[in-house]
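Chemist:
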Amino acid sequence: MKTVFFDVDTQLDFLFPAGALYVPGAEDIVNTLGELTRFAAANEIQIISTADAHIENDVEFQLWKPHCVAGTAGQQKAANTLLSHSVVLGNVPGDLDAMRPRIRESSQIVLEKRAVDIFTNPNVGPLLELVNADRYVVYGVVTEICVQCAAFGLLERGARVELVSDASKALSIGEGQNVLARFEARGGIVTTAASAMKPPQL
Ligand SMILES: [Zn+2]
Numbered sequence: 120m121k122t123v124f125f126d127v128d129t130q131l132d133f134l135f136p137a138g139a140l141y142v143p144g145a146e147d148i149v150n151t152l153g154e155l156t157r158f159a160a161a162n163e164i165q166i167i168s169t170a171d172a173h174i175e176n177d178v179e180f181q182l183w184k185p186h187c188v189a190g191t192a193g194q195q196k197a198a199n200t201l202l203s204h205s206v207v208l209g210n211v212p213g214d215l216d217a218m219r220p221r222i223r224e225s226s227q228i229v230l231e232k233r234a235v236d237i238f239t240n241p242n243v244g245p246l247l248e249l250v251n252a253d254r255y256v257v258y259g260v261v262t263e264i265c266v267q268c269a270a271f272g273l274l275e276r277g278a279r280v281e282l283v284s285d286a287s288k289a290l291s292i293g294e295g296q297n298v299l300a301r302f303e304a305r306g307g308i309v310t311t312a313a314s315a316m317k318p319p320q321l
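Following the numbering used here from start to finish, the sequence shown increments by one per residue and tops out at 321.
(1) Assign residue 224 to one of three DSSP states: helix, strand, or coil.
(2) Taking contact to mean 3 or more Cβ pairs, one atom from each stretch, closer than 8 Å, check whether the stretch 249 to 263 and the stretch 129 to 144 are in contact.
(3) Look at the alpha carbon of residue 270 and the alpha carbon of residue 310, and state the distance between them as a whole number of angstroms.
(4) When we look at the beta-carbon of residue 184 and count the other beta-carbons within 10 Å, is it buried (16 or more) or exposed?
(5) Within its chain, find whatever has a CB closer than 6 Å to the CB of residue 308; leave out the 5 residues flanking it on each side and keep chain order.
(6) Verify the contact flag: residue 179, CB atom, against every heavy atom of ligand 1, threshold strictly below 6 Å.
(7) When burial is assigned at 16 or more other CB atoms within 10 Å of the CB, is residue 306 buried or exposed?
(8) What I want to know is whether the C-beta of residue 171 ends up closer than 6 Å to one or more non-hydrogen atoms of ligand 1.
(9) By DSSP, does residue 128 sit in helix, in strand, or in coil?
(10) Give the secondary structure of residue 261 by DSSP, where H, G and I count as helix, E and B as strand, and everything else as coil.
(11) Are the beta-carbon atoms of residue 206 and residue 237 separated by less than 7 Å?
(12) In angstroms with no decimal places, state the Cα-to-Cα distance between residue 268 and residue 216.
(13) To the nearest angstrom, how far is it from the Cα of residue 214 to the Cα of residue 194?
(14) Can you tell me the Cα-Cα spacing of residue 245 and residue 222, whole angstroms?
(15) Assuming contact is defined by CB atoms lying nearer than 7 Å, are residue 304 and residue 151 in contact in what I supplied?
(16) Taking its Cβ as the centre, do 16 or more other Cβ atoms sit within 10 Å of residue 168, making it buried, or is it exposed?
(17) If you draw a straight line from the alpha carbon of residue 382 to that of residue 283, how long is it in whole angstroms?
(18) I need the straight-line Cα distance from residue 247 to residue 138, nearest angstrom please.
(19) What does the alpha-carbon distance come out to for the pair residue 294 and residue 148?
Here it is, written out as structure tokens:
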């Protein structure tokens, strides 16, 4: 069974109090994010990391405070979620084509987006076909928005999808719990980081 870790938006603007769109309490999951990242590296598990990469005055900023503008410090991923051999896959259709060999060899693919739903990036479909995982382990911020989009979108592709509850953070505890309940009702598996780092029980 091929496993891929799916790390959602673990960027400085979301994770830390000085960030532009800080998720209260998100710093509590940072150590666990690092453990998952190191585990993936040690076990040759690829990580797909989604990352907001906004332009200035992006349409999303009508709804949310400006955050994760490409090229700013806050747009960077937390250091312990980054592997040395990462490649960045942008938002432009066809970006994937020239990168196929590098993507196969990379321990981490940073997949950029300009909207909450990673599936708005036209390269996601071809990327998932290329990595061809049987099992996705999803975590990050925030549970009821970007993590939800990623987890449900992956479920629709028929893979086994696990959502790591103690490596994710919600803005609203109640909304986060609702997402986990609906995710399980759709066939997803809610797990913990400790369980996700063991061989899966079928
Ligand atoms: Zn955003």
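Even glycine gets a Cβ: it sits at the ideal position worked out from N, Cα and C. Treat the numbers as computed from the prediction; the structure is a model and nothing was measured.
Modeler: In terms of the structure at hand:
(1) helix
(2) yes
(3) 13 Å
(4) exposed
(5) 281
(6) yes
(7) exposed
(8) yes
(9) coil
(10) coil
(11) no
(12) 25 Å
(13) 20 Å
(14) 11 Å
(15) no
(16) buried
(17) Only positions 120 to 321 of the chain appear in the structure, and residue 382 is not among them; the question remains open.
(18) 30 Å
(19) 18 Å
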